[in-house]
Structure formats: C-alpha cells, structure tokens
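The sequence shown: position 473 = 473 (UniProt numbering), numbered continuously.
Read through the structure below, which is laid out as structure tokens, and then see the notes.
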Amino acid sequence: MSYPFSTFIPAGTVLVYEIEIPDGTAAVNYLRIGTNLDGQSTPSYILADECGVYNFEDLSVICCTDAYVMNIHGTTGGGTALISGIGSGGIFPVGTTTDVYMSSDAAGNYSICSMNITIEDTEAPSVTAPADITLNQDSCIVHNVGCSTQNGFAGAFDPYYWNFYQINADGYGDLSLAPDTILMVGGNNLSDNEGFTNAAVEINCTGDVVFNWEYTGGDSAVYDVPQYSLDGGITYTQLSGFSVSGPVSQSGTSSIPVQDGQTFVLSVYTHDNMYGAASLKIFDFSGPATPLPVFSDNCGIQSVSSNHPSSEFEAGVTTVTWTATDIHGNTTSVDQVITINENTDPVVTCPSDIEITTTSSVGEVYLYNVTASDNCAVIDLVQTSGLSSGSQFPIGVTTNTWTATDASGNTGTCTFTVTVTDVTSLGESGESAVYVYPNPASNVVYAEMPEGFEGTVVSLYNAEGALVRSYGACNEKLSEFDINGLTEGVYFMKFENQHTTFFKKVVKN
1 MSYPFSTFIP
11 AGTVLVYEIE
21 IPDGTAAVNY
31 LRIGTNLDGQ
41 STPSYILADE
51 CGVYNFEDLS
61 VICCTDAYVM
71 NIHGTTGGGT
81 ALISGIGSGG
91 IFPVGTTTDV
101 YMSSDAAGNY
111 SICSMNITIE
121 DTEAPSVTAP
131 ADITLNQDSC
141 IVHNVGCSTQ
151 NGFAGAFDPY
161 YWNFYQINAD
171 GYGDLSLAPD
181 TILMVGGNNL
191 SDNEGFTNAA
201 VEINCTGDVV
211 FNWEYTGGDS
221 AVYDVPQYSL
231 DGGITYTQLS
241 GFSVSGPVSQ
251 SGTSSIPVQD
261 GQTFVLSVYT
271 HDNMYGAASL
281 KIFDFSGPAT
291 PLPVFSDNCG
301 IQSVSSNHPS
311 SEFEAGVTTV
321 TWTATDIHGN
331 TTSVDQVITI
341 NENTDPVVTC
351 PSDIEITTTS
361 SVGEVYLYNV
371 TASDNCAVID
381 LVQTSGLSSG
391 SQFPIGVTTN
401 TWTATDASGN
411 TGTCTFTVTV
421 TDVTSLGESG
431 ESAVYVYPNP
441 ASNVVYAEMP
451 EGFEGTVVSL
461 YNAEGALVRS
471 YGACNEKLSE
481 FDINGLTEGV
491 YFMKFENQHT
501 TFFKKVVKN
C-alpha cells in the first residue's frame with residue numbers, strides 16, 4: 001500500500017524516497033528516487049543508481065528548516081508505520097533527524113528501515129557596515145569618533161546587546177515593547193535574602209544616558225530599590241528622584257554621565273525576595289553610541305564582533321572589520337573605514353646659520369644635527385637640499401633644507417646656511433676702509449675706522465681659521481686690540497657690520 005503526501009521544497013522540487021518490500025521478506029528492498037513537480041501522488045521515477053544512490057543513504061539538504069515528502073510502500077495484507085522520528089511532510093530542524101519505519105504483512109512478517117534527514121544551514125548572515133567616517137582634527141588621538149545620541153532601545157542599545165541576568169533572584173526582563181520600553185521585574189523567590197535583577201550593556205562613547213522611569217514596589221520602597229551601576233555591578237547608586245521613604249509607586253527622570261569603556265547596569269534590588277516583586281519600566285531612553293552594523297539571518301544571530309578600538313582612534317586610516325556569526329557558525333564580515341586627518345605640522349629645528357673660516361681651498365668638514373617633533377609621530381625626516389652632516393662644505397655659501405612629514409601628510413621645514421671663507425686668500429681686502437697698525441705688532445694693534453663703522457664687531461683668527469680672540473663691537477673711530485700672549489705668526493682680524501664683512505692680515509712678532 002502507499003501513503004502519499006503533498007508538500008514542497010524551496011527550490012520547487014519534491015524528492016520522493018520509496019521503499020518496496022515484497023510480501024514476507026526484506027531481502028530485496030530497494031530504493032527509487034523521483035520528482036513530483038505537479039504535486040500529484042504519482043511521481044516520475046529515475047533509477048537510484050543514476051543519482052549515485054545504491055543504499056538507503058542519508059539525505060542532506062540546504063535550508064534552515066523545511067518539510068519533505070516520502071512515499072513508504074509496503075505489500076498487501078499489512079501496513080507501514082512511522083515508529084520514531086518526524087515523518088514525511090513534517091518540519092525538520094537544522095541537524096540530523098532519524099526517521100524509522102516498520103512494514104508488516106498479514107502473516108505477521110515485518111521489516112524495519114530508517115533514514116537520516118540532515119538539514120544544513122549554509123546561508124551566511126546579511127550584514128551592512130556602518131558608514132565610513134572622515135574627520136579633520138588637530139589632535140593625533142581622537143575620542144568619540146562617530147558618536148551620536150541613540151534614541152530608544154535600538155542600535156548599540158538594542159536588547160540584543162544587553163545582558164539580562166539574575167543574582168539570587170527569579171525576576172525577568174520583558175522586552176516585548178522594545179525599542180520604546182523595557183520592563184524589569186525583580187525577585188520574589190521567598191528566600192528572605194537579597195537579590196538583583198540586572199540588565200547590563202557596554203558603553204562605547206562618552207556622554208549622558210537619559211531615561212524616564214516608573215517604579216512599582218512589591219511591598220515597601222525601602223526593601224525594593226531601583227538603581228544603576230557604572231562598573232558592571234560592583235557598586236550601585238539609586239536612581240535620581242527615588243526615595244526609600246516614598247510610596248510604592250514612584251516615577252522620575254535620570255540623566256547619568258557615562259564614559260567609553262564602562263559597563264552600565266540597570267538593577268532592581270530586593271532586600272528580602274518576599275512580599276511581591278517590584279517592577280521598573282524604562283522608557284524615552286537615549287544614550288551616546290557609535291553606529292553598529294545592520295544584520296539579519298534566516299535562523300538567528302549568535303554574535304556580532306569587531307576590532308573596533310572603542311571610540312578612540314589615532315590619526316591615519318583604521319579599517320574596522322565587523323563580523324556577524326549565526327547560530328550555526330556561518331559568518332559574514334564587512335569593513336568600515338575610519339580616517340582621521342590630523343592637521344598639525346611637525347616642528348623641524350635646524351642649527352643657526354654658521355660661518356667657517358679655513359686655510360684649505362677645498363672647504364671644511366662640518367658636523368650638525370637636525371631634529372623634528374610632532375604632536376603625533378614623525379614618520380619621515382629628509383634633507384631636500386644642501387649637504388649632510390659630516391660633509392666637506394666648499395668655499396662659499398651652502399643652503400641646507402630639511403623636511404619632516406607626519407602620518408597624516410603634514411610637513412614642516414627648516415633651512416640654514418653654512419658659509420666657508422678661505423682666509424688665506426683675503427690678502428689686504430678692506431684696506432681702503434680700515435687702517436690697522438702697527439703691523440707687525442707685539443702687544444697692541446690699533447684699528448682706525450671711517451664714519452659709518454660704528455658697532456663693527458671685531459674678532460681675531462689664527463692661520464688655521466680658529467677663533468682666538470673676540471673683541472666685541474667697536475663704537476670709536478680708533479680702537480685698541482690686545483694681542484699680548486699670542487704666539488708669533490700670521491693672524492686675520494675680522495671686521496663685521498651691517499654693511500660689510502672683511503679680514504685684515506696681522507703679523508704678531
């Protein structure tokens with residue numbers, strides 16, 4: 001006899017499994033597979049081996065839950081019955097279900113067969129990432145990136161993200177009115193001990209959590225208290241406006257400052273778990289939060305995670321990857337790009353302009369140091385013109401420029417010059433302007449300077465270009481310079497003012 005069923009498969013095709021059992025024996029059982037596209041009870045069969053099926057194999061399909069049709073055939077004089085499992089046309093859950101059938105004939109002979117129906121959920125969650133964010137700032141670390149006020153129990157404050165739990169209580173949270181309202185009912189387990197009915201959520205922005213509340217006590221307000229915690233339930237504070245000496249029905253508005261990284265807890269505390277449960281209704285809720293991804297799944301979401309560094313981001317580009325995992329382990333990941341453009345230029349410090357005298361016609365080696373600093377971090381400091389420290393600077397003026405670049409592409413620059421003068425080639429240049437005598441001299445040299453040379457700075461160098469005496473500024477037409485104590489030899493007296501710089505050769509005897 002045959003027991004047909006009428007049902008459907010999402011792809012539009014009904015698979016028919018048929019077992020034929022000749023009267024009195026199970027030795028020649030065989031399996032045929034057919035399609036039943038027109039919904040009638042008589043399928044069109046193909047040979048099982050054409051489908052690669054040679055035994056009563058497990059059936060695997062892809063969906064969350066669905067119904068299947070199977071025709072189980074026995075022989076005349078008996079019947080075929082499902083003795084365990086769900087049966088053809090039933091709704092099969094994800095996982096493996098074993099259906100066991102027994103067929104018997106009029107003589108009492110029977111045969112038992114079983115099959116496994118495996119439902120695999122391979123559909124990944126659907127996830128839409130929050131919008132990319134670009135900010136222009138003067139700081140290298142920016143807080144509250146993307147933070148805004150979230151109204152109602154949605155987004156980051158969706159009930160999905162709250163952890164409802166009990167501590168020695170038998171209360172519960174009623175979420176049926178979310179996102180507008182949640183109702184928390186406290187404990188009443190008659191233990192005569194204190195207990196907590198809590199709802200906790202992670203805070204990812206700095207700001208204020210604001211809400212209206214309505215409280216109804218189980219017995220007295222002194223025994224059942226609405227409260228909150230900012231440290232995950234270690235310490236608690238009564239909701240503002242609530243009075244333990246007040247009536248059993250009270251209401252108010254709370255505005256609670258919160259910070260990124262805190263765990264905010266709403267709690268209905270009971271002193272004794274007796275004489276009725278208190279309730280706390282929270283509505284008109286708002287709080288600071290960053291946008292979260294929008295997600296859905298055909299079977300249900302197990303978790304949503306990310307590498308989001310809370311609300312603090314460093315300058316530059318950060319890619320935040322959000323991953324949704326459903327209850328069967330399928331995952332989907334999407335990226336959100338956070339760009340912080342920091343606008344402060346690095347500060348580059350060069351040496352002051354330097355003048356070097358030399359007796360070498362190829363110049364002098366000069367060592368110097370250039371530094372750079374930034375409110376974030378300098379990632380590149382390069383010389384764009386001139387010669388590096390330790391190079392041999394030629395006779396004349398060399399301009400040296402250095403540029404620093406930070407992670408956001410801001411640049412800073414400094415420039416200095418190195419002037420190298422070959423004092424051996426100066427001869428008596430400037431003799432027409434200044435008269436130096438006696439020359440040679442033993443102890444004192446006089447310099448007679450014309451009008452307009454007031455404030456001229458005079459210094460003395462040896463033949464190797466080293467400074468040996470600094471005489472400072474001269475404001476007299478005739479100035480006296482002490483050379484006593486110097487070794488005999490050739491020296492060069494440098495005259496420098498706003499108009500000119502020149503050297504006069506002096507011989508010490």
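The beta-carbon is built from N, C-alpha and C at its ideal position, and this holds for glycine as well.
Q) Within the chosen definition, does the stretch 411 to 421 reach the stretch 347 to 357 through at least 3 CB pairs nearer than 8 Å? A) yes
Q) In terms of DSSP beta bridges, what is G316 paired with? A) Along the sequence shown, read from residue 1 onward, the residue named residue 316 stands at position 316. I340, per the DSSP bridge assignment.
Q. By how many angstroms is the C-alpha of T332 removed from the C-alpha of S84?
A. What you label residue 84 is simply residue 84 of the sequence shown in a count that begins at 1. What you label residue 332 is simply residue 332 of the sequence shown in a count that begins at 1. Cα to Cα, the separation comes out at about 37 Å.
Q) For the candidate residues E476, D297, N400, whose alpha-carbon lies nearest to that of P450? A) Against the sequence shown, residue 450 aligns to sequence position 450. Residue E476 is the option with its Cα nearest to P450.
Q.
Can you give me the C-alpha to C-alpha distance between A433 and P351, rounded to a whole angstrom?
A. Locating residue 433 in the sequence shown gives position 433, where the first residue counts as 1. Locating residue 351 in the sequence shown gives position 351, where the first residue counts as 1. Cα to Cα, the separation comes out at about 33 Å.
Q: Would you mind stating whether A315 and I340 have Cβ atoms separated by less than 8 Å?
A: Your numbering for residue 315 matches position 315 in the sequence shown. Your numbering for residue 340 matches position 340 in the sequence shown. It is a contact, given that the beta carbons lie within the stated cut-off.
Q: On the DSSP bridge assignment, give the partners of S286 in chain order.
A: Within the sequence shown, the letter at position 286 stands for residue 286. Looking at the DSSP assignment, S286 forms a beta bridge with N151, V210.
Q) Roughly how far, in whole angstroms, is the beta-carbon of L177 from the beta-carbon of P226, given that I think they are within contact range, below 8 Å? A) Along the sequence shown, one-based indexing puts residue 177 at 177. Along the sequence shown, one-based indexing puts residue 226 at 226. Actually they do not touch by this definition, with Cβ atoms about 18 Å apart.
Q) When we look at the beta-carbon of E454 and count the other beta-carbons within 10 Å, is it buried (16 or more) or exposed? A) Within the sequence shown, numbered from 1, the residue matching residue 454 stands at position 454. With fewer than 16 Cβ atoms within 10 Å of its Cβ, E454 is classed as exposed.
Q | Whole-Å CB distance - T456 paired with N497, under 8 Å assumed | A | Within the sequence shown, numbered from 1, the residue matching residue 456 stands at position 456. Within the sequence shown, numbered from 1, the residue matching residue 497 stands at position 497. Yes, they are in contact, since the Cβ atoms of T456 and N497 sit about 4 Å apart, within 8 Å.
Q.
Taking the alpha-carbon of C147 as reference, which of I203, A106, G108, N212 has the nearest alpha-carbon?
A. Taking the sequence shown and counting its residues from 1, one reaches residue 147 at position 147. Taking C147 as reference, the option from I203, A106, G108, N212 with the minimal CA-CA separation is I203.
Q) If you draw a straight line from the C-alpha of V348 to the C-alpha of A124, how long is it? A) In the sequence shown, counting from the first residue as 1, residue 348 sits at position 348. In the sequence shown, counting from the first residue as 1, residue 124 sits at position 124. Each residue's Cα considered, the two are about 53 Å apart.
Q: List the residues that DSSP assigns as beta-bridge partners of Q137.
A: The count along the sequence shown starts at 1 and reaches residue 137 at position 137. In DSSP, Q137 forms a bridge with E342.
Q. Can you tell me the Cα-Cα spacing of G171 and L239, whole angstroms?
A. Translated into the one-based positions of the sequence shown, residue 171 becomes position 171. Translated into the one-based positions of the sequence shown, residue 239 becomes position 239. Approximately 19 Å between the Cα atoms of the pair.
Q | Sub-8 Å separation of Y461 and Y491 beta-carbons | A | Here residue 461 is taken as the residue at index 461 of the sequence shown, counted from 1. Here residue 491 is taken as the residue at index 491 of the sequence shown, counted from 1. Cβ atoms of Y461 and Y491: closer than 8 Å.
Q) What did DSSP end up calling residue 511 once you bin it into helix, strand or coil? A) Shown here, the chain extends from 1 to 509; a query on residue 511 therefore has no answer.
Q: Would you tell me roughly how many angstroms separate the C-alpha atoms of F283 and E214, rounded to the nearest one?
A: Indexing the sequence shown from 1 puts residue 283 at position 283. Indexing the sequence shown from 1 puts residue 214 at position 214. Their Cα atoms are separated by approximately 9 Å.
(Q) Rounded to the nearest angstrom, what separates M493 and C140 at their Cα positions? (A) Mapped onto the sequence shown, residue 493 falls at position 493. Mapped onto the sequence shown, residue 140 falls at position 140. C-alpha separation (whole angstroms): 53 Å.
Q: Can you tell me which of D105, S114, N109, A107 puts its alpha carbon nearest to the alpha carbon of D99?
A: For the purposes of this step, residue 99 is taken as residue 99 along the sequence shown, with counting starting at 1. That would be S114, whose Cα lies nearest to the Cα of D99.
Q | Three-state secondary structure (DSSP) of P226 | A | The sequence position of residue 226 within the sequence shown is 226, counting from 1. Strand.
Q: Just mark Y364 as buried or exposed, buried being the case when its beta carbon has 16 or more other beta carbons within 10 Å.
A: Working through the sequence shown from its first residue, we reach residue 364 at position 364. Sequence check: residue 364 is Glu here, not Tyr. So E364 counts as buried.
Q. When DSSP labels each residue in this structure, what does Y471 get in the three-state scheme?
A. In the sequence shown, counting from the first residue as 1, residue 471 sits at position 471. Strand, per DSSP.
Q.
According to DSSP, P438 sits in a beta bridge with which residue or residues?
A. To locate residue 438, count along the sequence shown from 1; it is residue 438. The partner list for P438 (beta bridge, DSSP) is empty, contrary to what the question assumes.
**Q.** I91 versus G300 - alpha carbon distance
**A.** Taking the first residue of the sequence shown as position 1, residue 91 is located at position 91. Taking the first residue of the sequence shown as position 1, residue 300 is located at position 300. Their Cα atoms are separated by approximately 17 Å.
(Q) Between T325, H328, T235, T216, which has its C-alpha nearest G246's C-alpha? (A) Mapped onto the sequence shown, residue 246 falls at position 246. The option with the nearest alpha carbon to G246 is T216.
Q) If you draw a straight line from the C-alpha of N330 to the C-alpha of T122, how long is it? A) Residue mapping note: residue 330 aligns to position 330 of the sequence shown, counting from 1. Residue mapping note: residue 122 aligns to position 122 of the sequence shown, counting from 1. Distance from the CA of N330 to the CA of T122, rounded to the nearest whole angstrom, comes to 7 Å.
Q. Do the stretch 393 to 412 and the stretch 373 to 383 meet, that is, are 3 or more Cβ pairs less than 8 Å apart?
A. The stretch 373 to 383 and the stretch 393 to 412 touch, with three or more beta-carbon pairs separated by less than 8 Å.
Q) Identify the residues that DSSP records as bridge partners of F157: which are they? A) Reading the sequence shown from its first residue, position 157 is the one you call residue 157. None; F157 has no bridge partner.
(Q) Quick test of your reading: G412 and T399, contact by CB under 8 Å. State the CB separation rounded to the nearest angstrom. (A) As a position in the sequence shown, residue 412 is number 412, starting the count at 1. As a position in the sequence shown, residue 399 is number 399, starting the count at 1. Contact flag wrong, Cβ pair sits at about 17 Å.
Q. Taking all protein chains shown into account, do 16 or more other C-beta atoms lie within 10 angstroms of the C-beta of V506, making it buried, or fewer, making it exposed?
A. What you label residue 506 is simply residue 506 of the sequence shown in a count that begins at 1. Buried, because 16 or more other Cβ atoms sit within 10 Å of the Cβ of V506.
Q: Go ahead and pull the three-state DSSP assignment for Y491.
A: Position 491 of the sequence shown, counting from 1, holds the residue named residue 491. Of the three classes helix, strand and coil, the one that applies to Y491 here is strand, per DSSP.
**Q.** In DSSP terms, what I354 is bridged to
**A.** As a position in the sequence shown, residue 354 is number 354, starting the count at 1. In the DSSP output, where bridge partners are listed per residue, I354 has V418.
Q. Residues bridged to K281 by DSSP?
A. In the sequence shown, the residue the question calls residue 281 occupies position 281. Beta-bridge pairing links K281 to L183, E214.
Q.
Check this for me: beta carbons of P257 and D208, under 8 Å apart or not?
A. Here residue 257 corresponds to residue number 257 of the sequence shown, with the count starting at 1. Here residue 208 corresponds to residue number 208 of the sequence shown, with the count starting at 1. In this structure, D208 lies closer than 8 Å to P257 by Cβ.
Q) Nearest-angstrom Cα distance between S459 and Q392? A) As a working note, residue 459 is residue 459 in the sequence shown. As a working note, residue 392 is residue 392 in the sequence shown. Their backbone Cα atoms lie some 24 Å apart in a straight line.
Q: Report the three-state DSSP secondary structure of K477 (helix, strand or coil).
A: Counted from its first residue, the sequence shown places residue 477 at position 477. If DSSP states are grouped into helix, strand and coil, K477 belongs with coil.
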